Structures are given as structure tokens and as C-alpha cells.
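Heads up, the thing below is written out as C-alpha cells.
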Amino acid sequence: MNAIKNKGVLAGIAALLIFILIGVGLYLLGGDDQSALERLRDIAIIFVVLTSALSVVFLAGITVALIVLFMQLKDKAMPILDETTGTINRIRGTTNFITEEAVKPLVTVASKYSRFRTMSRVVTGKQTKPLKIQKIEKKQ
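Under numbering that gives the first Met the number 0, the letters of the sequence shown match residues 0 to 139, in that order.
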């Protein structure tokens, strides 16, 4: 961690030194007929243009990186979506199977039992009520 920190500090110092050397070099390139203020103005304009150019290059790089990232995410997301669709279809098939094989016979038996009770009430003439299930209260 210290080595990385030291490299970062050295890179920052090197960039500052290069920045200063470019400024001094541009100042010395100015003609004798220019005042110091005109030279500084020209240097500032050059640095603004360089900063703008670097900003455009960095923004283009970031844009390209984001496009590549989105393409990779799309390539990884499509198989996941296909797998999810397959899983949903399997679940749908399972629920249909359970409905047909487990629930439908129970409903059929319950309806036949209800029909039998109704027929027995009609034949015997009794009106019986279904059994009530009593709740067991817990004693505390």
C-alpha cells in the first residue's frame, strides 16, 4: 500500500514539475516586444486549450468504456433472461401438473361427498348441519 502511495505522490510531483517547465518554456519563447502580461495571457490561453483537449479525450475514453461496459452487461444479461424464462415455464408446467394431478381429484371427491350428503338429506328428510370443529384454547 505504501509503494502505491509513494508512486502516486511521485507521479503528482512529476506532473507538477512538467507543468512548471512547460510554463517557463512558453514564457521564454515569447518575443522581446511582448510585455510579461501578454506572455502570461498567451500561456494561459495555451493551458486552457490543452485542458479542453484533454477533457475531450478523457470524456471520449469514458464514453467508450461505458459503451463497452453496457455491451458486456447486455451479453451477460441475455442468457440470464433466457434462463429465467425457462425457469418460469417449468414452474408454470409444475403448477399445471399439480392442479391436474392433486387438486382436481380432491375437488372431485369433495363434490361427490357433498352430492351424497345432499341426496341422503333429500331421501331421509333430515336437515343435518355439518360437524363443527371446536377450537381448543390454550390455558396459560
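We treat Cβ as the ideally placed atom computed from N, Cα and C, and that holds for glycine. Please read these numbers as outputs of a predicted model, since none were measured by experiment.
CB-CB length for L25 against I3, believed under 8 angstroms: Contact doesn't hold; Cβ gap of about 33 angstroms is too wide.
Simplified DSSP state of M0, which is helix, strand or coil: coil
Euclidean distance between Cα positions of D31 and L39: Computed Cα separation, rounded: 14 angstroms.
Element boundaries [alpha helix (DSSP H), containing K75]: 35-97
Backbone secondary structure at K111 - three-state DSSP: Three-state DSSP puts K111 in a helix.
Inter-residue spacing [alpha-carbon to alpha-carbon] between L27 and I21: Their Cα atoms are separated by approximately 10 angstroms.
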